[in-house]
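Structure first, then comments.
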Amino acid sequence: MGDRYRHKLVHITPGPVVLPAIRSDKTFGRNAGLGKNAGPGIMQVGRNLIIPGGTRVIDATGKLVMPGGVDPHTHLELEMMGAKTADDFYKGTRAAVAGGTTTVIDFVLPNKGQSLIEAYNNWREKADSKVCCDYALHVGVTWWSNSVKKDMEQLAADMGVNSFKMFMAYRDSWMLDDYELMCAMEACKEIQALPQVHAENGHIIARNTQRLLARGVTAPEGHLLSRDEEVEAEAVNRACVIANQVNTPLYIVHMMSKSAVRALQEARRRGQKNPVFGETLAATVGTDVSVSIMMSKSAVRALQEARRRGQRNPVFGETLAATVGTDGSHCRNACFRHAAAHVLSPPCAPTPPPRRPSSRHWLSTDVLQVIGSDNCTFHEKDKELGKDDFSKIPNGVNGVEDRLAVLWQKAVNTGVMDPCRFVAVTSSTAAKIFNMWPQKGRVAVNSDADVVVWDPRLERTISAATHKQAVDFNIFEGQKVVGSPQYVIVNGRVCLDDGVLRVAEGSGRFIKTPANSPYVFGGQLPGAAAPEAHLTIETPTKYTNGNTPSPDLTLVNKHLEGMALASGMSTPTGRKMREPGQRDQQKSSFSISKEVEGPETKTSVRVRNPPGGKSSGLW
Numbered sequence: 001m002g003d004r005y006r007h008k009l010v011h012i013t014p015g016p017v018v019l020p021a022i023r024s025d026k027t028f029g030r031n032a033g034l035g036k037n038a039g040p041g042i043m044q045v046g047r048n049l050i051i052p053g054g055t056r057v058i059d060a061t062g063k064l065v066m067p068g069g070v071d072p073h074t075h076l077e078l079e080m081m082g083a084k085t086a087d088d089f090y091k092g093t094r095a096a097v098a099g100g101t102t103t104v105i106d107f108v109l110p111n112k113g114q115s116l117i118e119a120y121n122n123w124r125e126k127a128d129s130k131v132c133c134d135y136a137l138h139v140g141v142t143w144w145s146n147s148v149k150k151d152m153e154q155l156a157a158d159m160g161v162n163s164f165k166m167f168m169a170y171r172d173s174w175m176l177d178d179y180e181l182m183c184a185m186e187a188c189k190e191i192q193a194l195p196q197v198h199a200e201n202g203h204i205i206a207r208n209t210q211r212l213l214a215r216g217v218t219a220p221e222g223h224l225l226s227r228d229e230e231v232e233a234e235a236v237n238r239a240c241v242i243a244n245q246v247n248t249p250l251y252i253v254h255m256m257s258k259s260a261v262r263a264l265q266e267a268r269r270r271g272q273k274n275p276v277f278g279e280t281l282a283a284t285v286g287t288d289v290s291v292s293i294m295m296s297k298s299a300v301r302a303l304q305e306a307r308r309r310g311q312r313n314p315v316f317g318e319t320l321a322a323t324v325g326t327d328g329s330h331c332r333n334a335c336f337r338h339a340a341a342h343v344l345s346p347p348c349a350p351t352p353p354p355r356r357p358s359s360r361h362w363l364s365t366d367v368l369q370v371i372g373s374d375n376c377t378f379h380e381k382d383k384e385l386g387k388d389d390f391s392k393i394p395n396g397v398n399g400v401e402d403r404l405a406v407l408w409q410k411a412v413n414t415g416v417m418d419p420c421r422f423v424a425v426t427s428s429t430a431a432k433i434f435n436m437w438p439q440k441g442r443v444a445v446n447s448d449a450d451v452v453v454w455d456p457r458l459e460r461t462i463s464a465a466t467h468k469q470a471v472d473f474n475i476f477e478g479q480k481v482v483g484s485p486q487y488v489i490v491n492g493r494v495c496l497d498d499g500v501l502r503v504a505e506g507s508g509r510f511i512k513t514p515a516n517s518p519y520v521f522g523g524q525l526p527g528a529a530a531p532e533a534h535l536t537i538e539t540p541t542k543y544t545n546g547n548t549p550s551p552d553l554t555l556v557n558k559h560l561e562g563m564a565l566a567s568g569m570s571t572p573t574g575r576k577m578r579e580p581g582q583r584d585q586q587k588s589s590f591s592i593s594k595e596v597e598g599p600e601t602k603t604s605v606r607v608r609n610p611p612g613g614k615s616s617g618l619w
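If you're matching positions, the sequence shown starts at 1 in full-length UniProt numbering and goes up one per residue.
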């Protein structure tokens, strides 16, 4: 290997390791197809490790150690609507690493009539020499023929692609009709790949756009008016119905509205035969069919309804960082630059009233499973292509850098979500859905050495002046976040070193994603009742002065076989055990009412009596 792949040992101590609920971590075994992707890996996770000389030691006292983020939805170096995205594969993945994301999954989007294989090779050529972290690829099915079906088979069998995206919108470029959509889903089912869907009714959008322009509505708010929640919810419901007819799972990208989520839940309730995944975006806080970017309440409702009526396969829901950190009101801003910078599809929904469910609540309760960024950035000069016609504004916002921090601020710091669920929706679940787990999304022996040391007290203000992305605007501008990565390790290399970014262009790898993901085609269904997420701690073998030693973590550049389980770590809330012979200095033999307390009752223990009874214990 070249010098850029040579890594010395890195040892992290003594931070708690944060993982999702252990039940889900134990559900799936290592997929043999992932062995070829093995890179610099985690050598040891435990206590009292023997550390070789020359090892780089990172002090994680007061920090959290978690797996690197997995962003399942980016558009880097994409040409669309007459413009090219500001973030190429170098600048975009550099920004991802700065924010704590160590793996991105980008979309290959062929032109009408273009071979999927040719488009895939073009994307690999653009990305391989630039990426600063590992990446994988989804492939879009933007037209349909027998040759497209053959390309899908070859991509799944030989080229490491296990998901294909179909559009129900963008009528003049990528949109499929219902017949073509059903054919594409059938092809996915045959090759055990996951269909993804961008769910908006393209025909309604096209007609609404014509009507608005005829009335003289040309500003960015016209984008919002042309596609309300109902337009997204209808498409979510239709996608779930088609997936159910095909008997395939479904992944719905960027679910942005409450109505769309309700449609998803209804599909699940009525007995969807295969899983339906819903994705949302950081901007919104994120059948093997994936509905892309669920942004509105209507879309969320549609997803919920699909699940309620018994969708026979799982329906997975994704939302975006944009829905968590911003809302649709920005498209009505009088400043064109500001309003146009917030234009994306589906658009962000208005801010819900207090105490009403939002994307962060749907993520925390497993209504939606994943948060992506849908990072698709355009400079101001590109957005100005639609200055006189909102339909010509290139769609897309930033999020790959701020996805984790925005969700932490809006969900964890507000008590809506705990750190375990945070890791699940930002990393582990995406890794499982797209068959990269446990190589990705996990801190365990033999997993890739993609690790984030997260400082929950680190304060910063998001700004385009300081972010690492190439775009000249940030939709989270001025937002204060408490909690950000202090160290980010990518493939064993310390790339964010105490806040200083040091990345190597081209040091990332392409990760093949094998078809027939066990999480999608035979694992736990999303949206099902799950135990409350919680941090757990292994039973320690030794305690010193009442303090529990935290586990250490060692990363090494070595190909390792097999895997070992690692539990999440936290500081216990109860009183620590004592070593044999050690006196309990807090215990007293004095008692005012020994007769009442009885010999077995301790004043430090809450006593529960049957209804109508009382407790004499104190707490």
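We put the beta carbon where it would ideally sit given N, CA and C, even for glycine.
C-beta atoms of residue i and residue j nearer than 8 angstroms
| i | j | result |
| --- | --- | --- |
| V246 | M185 | yes |
| L19 | V423 | yes |
| P16 | V57 | no |
| A127 | F89 | yes |
| S345 | T323 | no |
| V482 | Q369 | no |
| E318 | F277 | yes |
| A341 | I475 | yes |
| D87 | Q469 | yes |
| V236 | A263 | yes |
| L496 | A98 | yes |
| N274 | A243 | yes |
| G68 | T93 | no |
| I393 | Y519 | no |
| V343 | C335 | no |
| T101 | R403 | yes |
| G372 | H73 | yes |
| I462 | Q486 | no |
| V141 | M175 | no |
Reference residue i, options the options, closest by Cα
| i | options | result |
| --- | --- | --- |
| T248 | D88, Q210, G222, C183 | C183 |
| G506 | K392, E234, Y135 | Y135 |
| V139 | A470, A267, A156 | A156 |
| V425 | S364, N413, D382 | S364 |
| E230 | V45, L176, A302 | A302 |
| A119 | I204, S145, A431, L78 | L78 |
| Q439 | C132, V490, K91, M168 | V490 |
| M168 | I511, N146, A431, E200 | E200 |
| Y251 | A339, Q196, K258 | Q196 |
Contact set for residue i: own chain, Cβ-Cβ below 7 angstroms, skip 5 residues either direction
| i | result |
| --- | --- |
| D472 | H379, E380, A464 |
| E153 | I191 |
| N545 | Summary for N545: the model assigns pLDDT 36, below 50, so the residue's position carries little reliability; its value from the coordinates is reported in the next sentence. Within the same chain, N545 has no close Cβ partners at all. |
| N162 | A156, A193, L194, F434, N435, T513, P514, A515, S517 |
| D151 | S115, L116, I117 |
| V148 | L116, V141 |
| R333 | It should be pointed out that residue 333 corresponds to Asn in this sequence rather than to Arg. These residues qualify, in order along the chain: A339. |
In DSSP terms, what residue i is bridged to
| i | result |
| --- | --- |
| P485 | W454 |
| N375 | T74, V397 |
| F164 | V139, P195 |
| K383 | Note: K383 sits in no beta bridge, so no partner. |
| L49 | Partner(s): none; L49 has no beta bridge. |
| N313 | N274 |
Delimiting residues of the beta strand (DSSP E) encompassing residue i
| i | result |
| --- | --- |
| H467 | Premise fails: H467 is in no beta strand (DSSP E) and is neither H nor E. |
| T74 | 69-74 |
| P195 | 194-198 |
| M256 | 250-257 |
| C495 | 493-497 |
| D106 | 101-108 |
| H338 | No beta strand (DSSP E) holds H338; the alpha helix (DSSP H) holding it covers 336-341. |
N- and C-terminal bounds of the alpha helix (DSSP H) containing residue i
| i | result |
| --- | --- |
| S147 | 146-158 |
| L407 | 403-407 |
| Q245 | 229-246 |
| S129 | It is not in any alpha helix (DSSP H) - S129 carries neither H nor E in the DSSP assignment. |
| C420 | 419-423 |
Contacting residues, own chain, Cβ-Cβ under 6 angstroms from residue i (five flanking each side not counted)
| i | result |
| --- | --- |
| G82 | L385 |
| H11 | I51, T55, V57, T554 |
| R171 | G202, A206 |
| L501 | A98 |
| S428 | P20, G441 |
Sequence-distant residues of its chain with Cβ nearer than 8 angstroms to residue i (five each side left out)
| i | result |
| --- | --- |
| G222 | T209, L212, L213, F390, S391 |
| L225 | N208, L212, V217 |
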